[in-house]
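Participant: This structure is in structure tokens; I'll ask about it shortly.
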Amino acid sequence: MNARGRGFSRRRFVTGALTAGAAVGAGAIGGCSADAPPNSAAPSAPRFVPFDGTTQVGITLVPPPARALMAAFSLQVADRAGLGTLFGELTSEIRGLMSGRPPEVRDDAYPPVDSGLLGETPPPDDLSVVVSVGASLFDDRFGLADRLPPELVTMPFLANDRLDPERSHGDLLLSFEAGHSDTLQFALRQLMRRTRGEMVLKWMTEGYTRGAGTGNAGGTPRNLLGFKDGTANPDARDGELMDRYVWVGADDGHPEWAVGGSYQAVRIIRMFVEFWDRTQLAEQEALFGRYKLSGAPLGMEQEYDDPRFDDDPDGQRISLDAHIRRANPRTPESDESRMLRRGFSYSRGFDRAGRLDQGLAFISYQRSLQKAFLAVQARLKGERLEEYVLPEGGGFFFALPGVPEPGRFLGDALVA
Ligand code: HEM
């Protein structure tokens, strides 16, 4: 962790995130340096995360809270007006949840307005909810075909996939993060309760990240293969970087409503952890191109050191096949394929063969699916990691732009 990261309070970050949003389409603004460690903001007391902003705040919140949940839904809405009403309801409920609005108390002859999971008044717990839409929302139901973000498609089968239709795609995706699981369950149930006539749950995945805020001395969370995951992320506090790699901008040839949104790639990737645990450490490290404990690139000292591929053109130190080298060869051409990864680990018990059912809910946000996620995925095709993992679900979504001012709602410009 560097000095900049150590002194960074959450309040300052949130301000930064909102300012970053304000910069969308307006060009670059100053911020933290591009090489500041991305997950190293010092933990501070849990708080309510401000909802309003030109981008959805949960996408860039640093450090990521410890718990996460994704829930995908099919919509049962008759027409575009109904869709607008639904987006309005979702916005109102999310705004209330994120700000800790106390539930209405009513006569005990009625069911209570909330589940009571969090007691009388929900405590601050860094809760954020991000709303995204899938390509299916733009079919003929709502007359939105001409408003489709041009790169949004139903996620195809990619290298090594065994996509389970019951854990894939959806009209709408809610991505929750908070400090504790009960906060996630509370928020999910409040949102489902309010929209139960219009939203049918299709699949969900819950998990955790052990971030800087939860006592992991190393700062960057580790995935279930034991490696630090997120090291080379662009710094989510840097508005200029987020404009460059994450937010759709005004000059990107997208429908106007989509400016300030972001393409979200979700991959539910199972890991064969028993097999992994029998693999030599040297092979594990060679496969990623980083040391397991420190997270430093092979041959380097510190986690955030540059892997210096230019010094190693034949892959003597870091194999040409290593995950980090394929994912980001650090050439001028590969710069535009950078993305913001914000995944979490999941554990779902075990399968019928007695193997642990664990993995990574990979999530990345990017300005262009083609230039970022799909370009990286194409470079990773055939990598050695494929032997240890199996993508089983997920989908491509588009995270809606934020709500810049009270009185507006998520997706209002899409359905207008
Ligand atoms: C279970 C599957 C995966 C695991 C366990 C995994 C793990 C890792 C690890 C340990 C790192 C190095 C530390 C870091 O910079 O975060 C890394 C880097 C990275 N991964 Fe993955 N990853 C997986 C899948 C993917 C997928 C599907 C993509 C995108 C298609 C991807 C894209 C990247 C990128 C862009 C980097 C940063 C490379 C750099 O700039 O140095 N990863 N991953």
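Take the sequence shown: its letter number 375 is residue 821 in the working numbering, and every next letter is one higher.
For glycine and all other residues, C-beta sits at the position ideal for the given N, C-alpha and C.
Quick caveat, the model's predicted, so the values are computed rather than measured.
Closer than 8 angstroms by C-beta to VAL495: which residues in its own chain qualify, once you throw out the five before and the five after it? Chain order, please.
Facilitator: Counting only Cβ-Cβ distances below 8 angstroms, and skipping sequence neighbours, we find VAL460, VAL503, GLY504, LEU507, MET544, ASP572, LEU573 and SER574.
Participant: Out of ALA732, ARG784 and ASP525, which one is the CA nearest neighbour of ASP586?
Facilitator: ASP525
Participant: So ASP803 is in the beta strand (DSSP E); what residue range does that whole segment cover?
Facilitator: Unbroken beta strand (DSSP E) run through ASP803: 802 to 812.
Participant: Using DSSP bridges, identify the partner residues of ALA711.
Facilitator: SER810 and PHE842
Participant: Excluding the 5 residues preceding and the 5 following GLY589 in the sequence, name in chain order all residues of the same chain whose CB lies nearer than 7 angstroms to its CB.
Facilitator: ARG526
Participant: Measure from the alpha carbon of PHE519 to the alpha carbon of each residue in ASP553, THR677, ALA859 and GLY616, then state which is nearest.
Facilitator: GLY616
Participant: If you reduce the DSSP assignment to three classes, tell me which class GLU550 lands in.
Facilitator: coil
Participant: On the premise that VAL579 lies in contact with LEU620, defined as a C-beta separation below 8 angstroms, what is that separation, rounded to the nearest angstrom?
Facilitator: With a Cβ gap of about 11 angstroms, LEU620 and VAL579 do not count as contacting.
Participant: Could you tell me whether any non-hydrogen atom of the ligand HEM is closer than 7 angstroms to the CB of MET638?
Facilitator: No heavy atom of the ligand HEM is found nearer than 7 angstroms to the CB of MET638.
Participant: Is it the case that the stretch 551 to 569 contacts the stretch 591 to 611, given that we only count it when at least three CB pairs across the two stretches are under 8 angstroms?
Facilitator: no
Participant: Compute every distance between the C-beta of ASN774 and the non-hydrogen atoms of the ligand HEM, then say whether any falls below 7 angstroms.
Facilitator: Under cutoff, so the answer is yes.
Participant: Report the rounded CA-to-CA distance for ARG763 versus ILE770, giving the unit in angstroms.
Facilitator: 13 angstroms
Participant: Using CA coordinates, which residue listed in GLU779, SER791, PHE808 and SER765 is at the minimum distance from ARG830?
Facilitator: SER765
Participant: Drop a sphere of 10 angstroms on the beta-carbon of GLU623, count the other beta-carbons inside from all chains shown, and report buried for 16 or more, exposed for fewer.
Facilitator: buried
Participant: Consult DSSP for LEU532 and reduce its assignment to one of helix, strand or coil.
Facilitator: helix
Participant: Give the secondary structure of LYS817 by DSSP, where H, G and I count as helix, E and B as strand, and everything else as coil.
Facilitator: Three-state result, LYS817: helix.
Participant: Could you check the C-alpha separation between PRO852 and ARG493 for me, to the nearest Å?
Facilitator: 20 angstroms
Participant: With burial defined as no fewer than 16 other Cβ atoms inside 10 Å of the residue's Cβ, what is the status of GLN748: buried or exposed?
Facilitator: exposed
Participant: Nearer than 7 angstroms: is that true of the beta carbon of LEU609 relative to any heavy atom of the ligand HEM?
Facilitator: No - the ligand HEM has no heavy atom lying nearer than 7 angstroms to the Cβ of LEU609.
Participant: When the Cα atoms are used, what is the spatial distance from SER490 to SER627?
Facilitator: 19 angstroms
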